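Visitor: For reference, the structure I am asking about is given below.
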Amino acid sequence: MGDAAWIILIIFGSLIVLYVISAVFFPDVTRSKLHQLHKASLTTEGISLEFLSEAVKQKENRQPKAAELEALLHGLPSPRRLLWVDDNPQNNLNEVQALRSADLDVDIATSNAEAVILARHRTYDAVISDIKRDPPEPQSAGLDLGKELAAIPGVQAEDLPIIFYVGRVEQDRTTEGYPVTDTPTGLFETLKASLTSQTGVS
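Heads up: the sequence shown runs through residues 1 to 202, numbered per the UniProt record's numbering.
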């Protein structure tokens, strides 16, 4: 085996190690980046990186299906209007589909600024948001969302549930007391509890 082949194997092995580490600690970011990676169809000496895309698909297959998530919202009074804030909304397609299938109206914003514009013109029953953002927003811009929404005239911040949906939970609540979850099931259960408490429906 020539020197070039050994170099290729070393690089290939390093990619696998990096993938495993990132998949464990940053699952949502990994899924997004690997989708971009496999589209490049990088191939060297007959070694294809398409298996990385397949690994992402297998991970997604282990996630609850939209129908399973929708079942978690059974019995929830409708209509309900939600605002979902995330600078990578493609990461939440399965969850959004389930919410809409359960007759919830979901608006998508990709920044706090977009969320504020929407909230000025529409009334929401709950807000779902990420915490960490890519530039140009500050890294933890999601944590400022509650304060920015509360500054809108007519918005009763204390009556507006905000749920943070993240890649990996470090604390189950923010310093302001907002719940934080990193699983679809946890998100839907928390959402249902919040919306049910507004109506008194059990």
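Ideal Cβ placement from N, Cα and C applies to all residues, glycine included. Every value quoted in this text rests on a predicted model; they were computed, and no experiment measured them.
1) Pull up the distance between the alpha-carbon of Ala119 and that of Gly167, whole angstroms please.
2) Would you kindly work out how many angstroms separate the C-alpha atoms of Leu83 and Ala151, rounded to a whole number?
3) So, is Glu158 buried or exposed, given that buried needs 16 or more other C-beta atoms within 10 angstroms?
4) Hey, Leu104 and Thr185 are a contact pair by Cβ (cut 8 Å); roughly how many whole angstroms apart?
5) Look up Thr181 in the DSSP assignment and say whether it is helix, strand or coil.
6) Assuming the contact rule is C-beta atoms closer than 8 Å, Val106 and Val96 should be a hit. Round their C-beta distance to whole Å, please.
7) What is the DSSP secondary structure of Val155, counted as helix, strand or coil?
8) Could you check whether Ser129 and Ile162 sit closer than 9 Å to each other, using their CB atoms as the reference points?
9) Assign Ala113 to buried or exposed, taking buried as 16 or more other Cβ atoms, counted over all protein chains shown, within 10 Å of its Cβ.
10) Return helix, strand or coil for Ser197, following the three-state DSSP convention.
11) Under the three-state reduction of DSSP, which class applies to Arg133: helix, strand or coil?
Guide: So, from the data block:
1) Start at 1 with the first residue of the sequence shown, and residue 119 comes out as number 119. Start at 1 with the first residue of the sequence shown, and residue 167 comes out as number 167. For Ala119 and Gly167, the distance between alpha carbons rounds to 25 Å.
2) Here the question's residue 83 lines up with position 83 in the sequence shown. Here the question's residue 151 lines up with position 151 in the sequence shown. The alpha-carbon atoms of Leu83 and Ala151 are separated by roughly 16 Å.
3) As a first step, residue 158 is located in the sequence shown; it is residue number 158 there, counting from the start. When all chains shown are included, Glu158 counts as exposed.
4) In the sequence shown, counting from the first residue as 1, residue 104 sits at position 104. In the sequence shown, counting from the first residue as 1, residue 185 sits at position 185. Actually they do not touch by this definition, with Cβ atoms about 17 Å apart.
5) Working through the sequence shown from its first residue, we reach residue 181 at position 181. Looking at Thr181 - three-state DSSP - the assignment turns out to be strand.
6) If you number the sequence shown from 1, residue 106 lands on position 106. If you number the sequence shown from 1, residue 96 lands on position 96. Indeed, because the Cβ distance is near 5 Å, the residues count as touching under 8 Å.
7) Residue 155 sits at position 155 when you count from the first residue of the sequence shown. In this structure, Val155 counts as coil in the three-state DSSP scheme.
8) Reading the sequence shown from its first residue, position 162 is the one you call residue 162. Reading the sequence shown from its first residue, position 129 is the one you call residue 129. When the beta-carbon positions are compared, Ile162 and Ser129 come within less than 9 Å of each other.
9) Within the sequence shown, numbered from 1, the residue matching residue 113 stands at position 113. Flag for Ala113 reads exposed.
10) Numbered from 1 along the sequence shown, position 197 holds the residue referred to as residue 197. Correct three-state label for Ser197: helix.
11) Your numbering for residue 133 matches position 133 in the sequence shown. Residue state, collapsed to three classes: coil.
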